[in-house]
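Take a look at the structure set out below.
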Amino acid sequence: MMLDPALGQHLALTFKPLQNKASGSFPGPASLSTKLGELLPKQDVQTDVNASPEVVSMFATAAVEMWHRAVHSFLVSASLTDTSPIWSSVAGYYSSHYSVRALAHSIGYFQLFKQGRIIELGLGGTKPICTYHKKSRGDGEHKLYWKLVKANNQFNRNDLFTENTDASDFTDVGHRNYANYMDHIGGFPPFAALTEKATKARIERISTMQFVSAPIPRKSKFPDLATVQVVAYHRAIGFRQLIDEALGGGNRFWKYHRDPAWAKSAMSFQLTSQIGLDVFGNS
0 MMLDPALGQH LALTFKPLQN KASGSFPGPA SLSTKLGELL PKQDVQTDVN
50 ASPEVVSMFA TAAVEMWHRA VHSFLVSASL TDTSPIWSSV AGYYSSHYSV
100 RALAHSIGYF QLFKQGRIIE LGLGGTKPIC TYHKKSRGDG EHKLYWKLVK
150 ANNQFNRNDL FTENTDASDF TDVGHRNYAN YMDHIGGFPP FAALTEKATK
200 ARIERISTMQ FVSAPIPRKS KFPDLATVQV VAYHRAIGFR QLIDEALGGG
250 NRFWKYHRDP AWAKSAMSFQ LTSQIGLDVF GNS
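Note that the sequence shown ends on residue 282 in numbering that gives the first Met the number 0; no numbers are left out.
Encoded structure:
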């Protein structure tokens, strides 16, 4: 595994204030967006403001909480595989999106949607800085976070991460859009919720699927569940591997949250060694 040194240092610094934090505690709802809103500059131009240690650490807690959403959405997708291909596909996409958003927060980005600003956390100077960038017209959440992750040195040569456009048949967000907005897609099997045993078996199968390169869902093969789920699984595992590598197992907060208690009955986070689906871009 090759961790980009700049990213490794950034992650170590954002998680450092959490080293002795009570293991299970997260800030309250909307804590980071509220703090960043309070720091919002009056002028509508790119502006730097000082960031407190609390704000710095909330980029890390926001990333971990968003990753929990990714894992939970993946469990929902797996459990609905046979019962509802449509919602299994949508939940699988959102698992991928939450993993990517978790990565974006971890590398120092957060979007204030209502205020139209993109905040970049900088830790390379003498004090932490939040830079407020004006949001562009095309910076929707399902493009922005993916674009920012793809531009990072850790991920820009990794086919597991894309810019998430709807420009071709191979598209994460386009596949989600097909499920949500296309008329007459049909495909409603008899409803029967999967048992815990069946869900676990499905996840174990997904975790051992072999691919030479990262598969991207195809609209023409909707619901393409195997592809939706395998990339969602690998992206979730990728976040976990990245934080493990950066922190080296020594951070109390992350040690507690890397194995969510509510996922243990169905998911062991195992991964078959194979080419092309490594968050670190190794082959």
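Quick reminder that beta carbons are idealized off the backbone N, C-alpha and C, glycines included.
H174 is not a Cβ neighbour of K142, given a cutoff of 8 Å.
Counting only runs that start and end inside the stretch 173-258, the alpha helix (DSSP H) elements of at least 4 residues fall at 195-206, 224-246 and 251-256. A buried status is given to W253, since no fewer than 16 other beta-carbon atoms sit within 10 Å of its beta-carbon. About 5 Å separates the CB atoms of A265 and T198; that is less than 8 Å, so the two are in contact. R156 carries a coil assignment under DSSP once its states are collapsed to helix, strand and coil.
Residue state for R116 is assigned as strand, using DSSP reduced to three classes.
Apart from the 5 residues on each side of it in sequence, L193 sits with its Cβ closer than 6 Å to the Cβ of S78 in its chain, given in chain order. Secondary structure at G123: coil, using DSSP grouped into helix, strand and coil. If you compare the alpha carbons of E244, P84, V99 and H71 with that of F187, the shortest gap goes to P84.
For V89, the closest C-alpha among the options A245, N250 and P216 is that of P216. Runs of the beta strand (DSSP E) lying entirely within the stretch 48-93 and spanning at least 3 residues: none are present. Residue state for L31 is assigned as helix, using DSSP reduced to three classes.
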